[in-house]
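Each position in the sequence shown, counted from 1, maps to that position plus 5 in our numbering. Glycine is no exception: its CB is placed at the ideal position from the N, C-alpha and C atoms. For clarity, every value in this text was computed on a predicted model and none was experimentally measured. A short worksheet on the structure shown next.
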Amino acid sequence: MMWGYNGFGYGGIGMGIGMLFFWGLIIAAIVMLVRGFGAKSGASEPRLREKSALDILGERYARGEIGKAEFDEKRRDLTAV
6 MMWGYNGFGY GGIGMGIGML FFWGLIIAAI VMLVRGFGAK SGASEPRLRE KSALDILGER
66 YARGEIGKAE FDEKRRDLTA V
């Protein structure tokens, strides 16, 4: 007799968990592949470092926001430390 389990018994639960695990692995593999191919452009480039005070000062001088005398004075102040 099968006691009302139609021949599956506890094996049906194990098969259900096995199928969830199988499809979980398939979905995880697809996600990892998509992330791997999508990150190619950013992964090979080095991280940008934060701008230092001298970098910002040079940019302001290049844009014409400050003159040569002010640039030289501020550069001396920044490098004196």
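Buried versus exposed call for residue i [16 or more other C-beta atoms within 10 Å across all chains shown]
i	result
LEU30	exposed
LEU62	buried
ASP82	exposed
Beta-carbon contacts of residue i that lie in its chain and below 6 angstroms, excluding the five residues immediately before and after
i	result
ILE71	ARG65
ILE22	none
ALA74	none
Delimiting residues of the alpha helix (DSSP H) encompassing residue i
i	result
GLY69	Here GLY69 belongs to no alpha helix (DSSP H), and DSSP marks it neither H nor E.
Neighbourhood of residue i by C-beta distance below 8 angstroms, restricted to the same chain and skipping five residues each side
i	result
THR84	LEU59
Spatial neighbours of residue i in its chain, beta-carbon cut-off 7 angstroms, leaving aside the 5 residues before and after
i	result
PHE26	none
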